[in-house]
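>
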Amino acid sequence: MNRKILKIQAIIMSLLTMFHAAFAEQPNIILILTDDLGYGDLGMTGHPYIKSPNIDRLAAEGLFFEQGYMSSAWCAPSRAAIMGGYFPARYFQSDHELDYNKPTLASVLKDAGYTTAHYGKWHMSGRGKTDPTPDMYGFEESFISNGNPKNGGWTPEERKQPHWREMTTSRYIDLSIDFITRKKDVPFFVNVWLFPTHSYIDPTPEMLEVYKDLEVSIDDFENPLQKEFLEFIAQHGSVQDAMRAYCSDVTFLDSEIGRLLEKLKELDLKDNTIVIFSSDNGPAPIFKKAGLPKRYKETPTLLNNVGSAGPYRNRKVSLYDGGTHVPFIVRWPKKIKPGKVDPTTIFTGVDLMPTLAVFAGAQVPGDLDGEDLSGAWLAEPVQRQKYHYWNDRPGWSTLRHKQWKAHLNKGEFQLYDIYKDKSESKNVADQHPELSKEYLSALKKWDSSVVPNYKSKDKNK
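Numbering of the sequence shown is given in this note's numbering, commencing with residue 795 and proceeding in unit increments.
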């Protein structure tokens, strides 16, 4: 009997060893998503003032996608595209609720043996007490804003505290550090979805101290569209105060992300943890409407309209590249060589699910809009097999294919070569009639297929 018991114990131990070995091969995954951070809002992407040493180092130690995009130009659908792997115009725009009956990035990884958590902004379903909660999408732990707080969230009293919005970053980072510390021996996936740089910005005196001596010159920005935005602010408020506040917000964000990265190193998890950093869309727009100048004069630091889209045209809610072209960084020391820059792979939000599923050994749903672009992470740039489409509201559809960006905006067709014309200022449709015919046909077909999905009002924005 004792021999049988010992034999059974040996088999169990062998199975456990195999089990832990399999887990050891799966990378941990941390997805850091900022809110309204523009392509040009980091030191590494050319901002003349912002100090972002931790994020800059993250890129230096990993891979930077120069053609990185989100699959929408504003918050909620961008997030749904990441989690669902579908262009949001296909289904999310119908009721602004991510379908929990379909696979999500969290549920796919959970089925592959990952423990999962979401800390930060949610914004993929309603905020009522009967609306879907993160656990219904595959998250085992959560603490959220912009959603049903049933699974954990901020109290009304906490929201009324001074500088609450600024201090959410530290809380979400603390929760993430606690989670990875507790789960360090099993593969984990955690969303760290932070508020900066979304309005309203109200930095603490300590945060502002870093930029107390900053003197802003509009000529320090190369993009003429960015200069125009800053000139508008300067006419109606203090561009100095607004820029100091914005830079403070990004630098505090950077320092808190640095704490998380340091904890990975301390726990000896850095090597086999994929850390992804991006933003849900481009920098906040300036709507030149009644009341805004008054707000600038009264409290210039509250608004976040001084963010930079870098060389790209327009900003959040626009389907020009300034609204969707974002910083996209991936670090995975075990597999990705440091200092890698991919100039051509068009990697977008919808591609995260199929790509990460491959690395996790998970089953990839077969009908996604996103593509497995894992080859671009590990080897050379990859050409997408399909067009990437955008349509955030009826009347404007866009696609990206190779170096080309095509628009069908209120019946007007435009074609731009993004490699040669990052600001999308030179319409070359007449110079490429065959391409224009091909893309126009594709956009018309796409537009007609998704417009019926739209609700009449974007109440969740």
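Think of the CB as a built atom: it goes at the ideal place given N, C-alpha and C, for glycine as much as any other residue.
Pairs of beta-carbons, one from the region 846 to 857 and one from the region 1047 to 1054, closer than 8 Å: are there three or more?
Result yes; three or more Cβ-Cβ pairs closer than 8 Å.
> Classify residue 1200 as helix, strand or coil using the three-state DSSP reduction.
Correct three-state label for residue 1200: strand.
> Leaving out five residues before and five after residue 1038 in sequence, what residues of the same chain have Cβ atoms less than 7 Å from its Cβ?
If we look at residue 1038 and ignore the five residues flanking it on each side, its Cβ neighbours are 1002, 1005 and 1008.
> May I ask you to list the residues that DSSP assigns as paired with residue 985?
Per DSSP, 825 and 912.
> According to the neighbour-count rule (16 or more other Cβ atoms, all chains shown, within 10 Å of its Cβ), is residue 1185 buried or exposed?
When all chains shown are included, residue 1185 counts as buried.
> Nearest to residue 1142 by alpha carbon, out of 1055, 1042 and 858?
The candidate whose alpha carbon is nearest that of residue 1142 is 858.
> For residue 1238, is the classification buried or exposed, using 16 other Cβ atoms within 10 angstroms of its Cβ as the cut-off for buried?
Classification for residue 1238: exposed.
> Looking at residue 1017: is its Cβ nearer than 7 Å to the Cβ of residue 1132?
Their beta carbons are not under 7 Å apart, which means residue 1017 does not touch residue 1132 by this criterion.
> Contact defined as beta carbons within less than 8 Å: I believe residue 1121 pairs with residue 1015. What is the distance between those atoms, to the nearest angstrom?
Between residue 1015 and residue 1121 the Cβ distance is about 17 Å, and since that is not below 8 Å, they are no contact.
> Do the region 1090 to 1103 and the region 1207 to 1214 make contact, defined as three or more Cβ pairs closer than 8 Å?
No, they do not touch.
> For residue 1020, count neighbouring Cβ atoms within 10 angstroms of its own Cβ and tell me buried if that reaches 16, exposed if not.
Result: buried.
> Helix, strand or coil for residue 1179? Go by DSSP, reduced to three states.
The answer is coil: DSSP assigns residue 1179 none of H, G, I, E or B.
> When the distance is taken between beta carbons, is residue 980 closer than 7 Å to residue 970?
Cβ atoms of residue 970 and residue 980: not closer than 7 Å.
> Any idea which residues DSSP pairs residue 1192 with across the strands?
Per DSSP, 1184 and 1201.
> Name the one or two DSSP bridge partners that residue 1062 has.
In the DSSP output, where bridge partners are listed per residue, residue 1062 has none listed.
> Please state whether DSSP places residue 815 in a helix, a strand or coil.
For residue 815, the predicted structure reports a pLDDT of 39, less than 50, and the residue's modelled location is therefore unreliable. A value from the coordinates is still provided. Three-state result, residue 815: helix.
> Taking three-plus beta-carbon pairs below 8 Å as touching, is the region 992 to 1001 in contact with the region 943 to 961?
Yes, the region 992 to 1001 touches the region 943 to 961.
> Report yes if the C-beta distance between residue 1156 and residue 903 is below 7 Å; otherwise report no.
A contact, by the Cβ cut-off of 7 Å.
> Name the DSSP beta bridge partners of residue 1211, please?
According to DSSP, residue 1211 bridges with 1198.
> Using 8 Å as the threshold, is the region 913 to 930 in touch with the region 1171 to 1186, meaning 3 or more CB pairs across them?
In short, these stretches do not touch, since the Cβ pair count stays below three.
> Quick one: using the 10 Å Cβ neighbour count with 16 as the cut-off for buried, is residue 1213 buried or exposed?
Exposed, by the Cβ-count rule.
> Could you give the distance in angstroms between the alpha-carbon of residue 1247 and the alpha-carbon of residue 884?
Using only the alpha carbons, I get a separation of about 7 Å.
> Hey, quick one: how far does the beta strand (DSSP E) through residue 1136 stretch, first residue to last?
Looking at the DSSP string, the run of the beta strand (DSSP E) that includes residue 1136 is 1134 to 1136.
> Tell me the rounded alpha-carbon separation between residue 1163 and residue 1010.
About 43 Å.
> With a 10 Å radius around its C-beta and 16 neighbouring C-beta atoms as the bar for buried, classify residue 1173 as buried or exposed.
With fewer than 16 other Cβ atoms within 10 Å, it is exposed.
> Residue 1064: which of 1126, 871 and 878 sits nearest, CA to CA?
Closest option to residue 1064, Cα to Cα, is 1126.
> Assign residue 939 to one of three DSSP states: helix, strand, or coil.
Here residue 939 sits in strand by DSSP.
> Can you give the Cα-Cα distance for residue 1296 and residue 1102, rounded to whole angstroms?
Coverage of the chain is limited to positions 795 through 1255, which leaves residue 1296 absent and any answer about it impossible.
> Drop a sphere of 10 angstroms on the beta-carbon of residue 1253, count the other beta-carbons inside from all chains shown, and report buried for 16 or more, exposed for fewer.
Low per-residue confidence applies at residue 1253: pLDDT is 40, beneath 50, and the placement is therefore not dependable, though the value from the model is reported in the following sentence. It is exposed - the Cβ of residue 1253 has fewer than 16 other Cβ atoms within 10 Å.
> Restricting to Cα atoms, I'd like to know which of 1079, 1070, 1036 and 1109 is closest to residue 1091.
Ranking 1079, 1070, 1036 and 1109 by Cα distance to residue 1091 puts 1036 first.
> How far does the alpha helix (DSSP H) with residue 888 in it extend, from its first residue to its last?
That run of the alpha helix (DSSP H) goes 886 to 889.
> Just tell me which of 932, 964, 916 and 984 has its CA closest to the CA of residue 943.
Here the closest residue by C-alpha is 916.
> So, with DSSP's three-state summary, where would you put residue 806?
Unreliable placement is indicated for residue 806, whose pLDDT of 37 sits below 50; the coordinate value is still reported in the next sentence. In the structure shown, residue 806 sits in a helix (DSSP, three-state: H, G or I).
> Do the CB positions of residue 945 and residue 968 come within less than 7 Å of each other?
Their beta carbons are not under 7 Å apart, which means residue 945 does not touch residue 968 by this criterion.
> With distances taken between CB atoms, is the gap from residue 1111 to residue 874 smaller than 7 Å?
Against a cut-off of 7 Å, the Cβ pair of residue 874 and residue 1111 comes out as no contact.
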